[in-house]
Amino acid sequence: MSEQDIRYFLLPACIIFILGIAAMNSVASPLLNFFIVTLISCITGIIIGTAYQLVKLVAGNIRTYRAKESPKKKMGTQYNKA
1323 MSEQDIRYFL
1333 LPACIIFILG
1343 IAAMNSVASP
1353 LLNFFIVTLI
1363 SCITGIIIGT
1373 AYQLVKLVAG
1383 NIRTYRAKES
1393 PKKKMGTQYN
1403 KA
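For any residue, its number in our numbering is found by taking its place in the sequence shown, counting from 1, and adding 1322.
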């Protein structure tokens, strides 16, 4: 995983954290709300980052599979010409 891929983990977590802190209006237990917002933002960052890595992995495998299949198709059409 490169340094660029880390942004898909950090950016959603930071955005959710900032929006959660801004939306917090409970005076009764601000510390508990802070921890809940932090937990939700971390989980969101992990889910979005992992989904991005999974999509990237599947797309790379599809590209590799198509690249391996292309020469076989080209060779087959060359030898079947009459």
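Here a beta-carbon is modelled for each residue, glycine too, at the ideal position from N, C-alpha and C.
query: Chain-order list of residues whose beta-carbon lies under 8 Å from that of L1355 (same chain, five-residue window excluded); result: The question names Leu, yet the displayed sequence has Asn at residue 1355. Same-chain partners within the cutoff: M1346 and S1348.
query: Distance CB(I1362)-CB(I1343) smaller than 8 Å; result: no
query: Residue range of the unbroken alpha helix (DSSP H) whose run includes A1335; result: R1329 to A1345
query: Alpha carbon of G1371 to alpha carbon of C1336, nearest angstrom; result: 13 Å
query: Buried versus exposed call for P1430 [16 or more other C-beta atoms within 10 Å across all chains shown]; result: Absent from the structure is residue 1430, since the part of the chain shown begins at 1323 and ends at 1404.
query: Cβ pair K1334, T1366 closer than 8 Å; result: It is worth fixing the name first, because residue 1334 is Pro in this sequence and not Lys. The answer is yes: Cβ separation under 8 Å.
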